[in-house]
Amino acid sequence: MTGSLWRVPLGAVGALLGASLGAQAEPAAKWHPWVEFGAQLGTERSLGDGNLFAPLWQNDASLLFVDMRGMFDDHDAREG
């Protein structure tokens with residue numbers, strides 16, 4: 071497959087999503103939410119994917135989080 075690969079991390083969107091999902095707003099938080107989208111465009115097949123990571127609860131030794139991922143192509147294949 072030929073094509074180009076690009077990824078766009080959207081930290082501001084991830085921060086907003088993390089705040090809405092209940093992530094701690096403490097300044098000493100070790101892990102922060104993020105969202106990433108990517109695509110690979112080709113002549114025979116094109117792919118797209120996304121990933122959301124959001125901490126729900128954390129302290130110095132533990133982390134409870136959501137990690138949602140998905141992928142799709144232009145031939146109706148999907149996974150998540």
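Residue numbers for the sequence shown follow the numbering used here, so the first one is 71 and each next one is one higher.
Heads up, the beta-carbon is just placed ideally off N, CA and C, and yes, glycines get one too.
Values in this document were obtained by computation on a predicted structure and should not be read as measured data.
Per-residue DSSP class, three states only, for residue i
i: R139; result: strand
i: G150; result: coil
Straight-line Cα distance separating residue j from residue i
i: G108; j: D137; result: 16 Å
i: M71; j: W101; result: Only weak support is given to the placement of M71: the predicted model assigns it a pLDDT of 45, under 50, and the value that follows is read from those uncertain coordinates. Straight-line Cα distance between these residues: approximately 36 Å.
i: G118; j: S132; result: 32 Å
i: E106; j: F135; result: 16 Å
Among the options, the one whose alpha carbon lies nearest that of residue i
i: D144; options: K100, E114 and W104; result: E114
i: R139; options: A98, W104, A99 and L133; result: W104
i: M141; options: E149, L134 and E106; result: E149
i: G120; options: Q110, A99, L126 and S132; result: Q110
DSSP beta-bridge partners of residue i
i: W104; result: F123
i: G112; result: DSSP, once it has assigned bridges, lists no residue as partnering G112.
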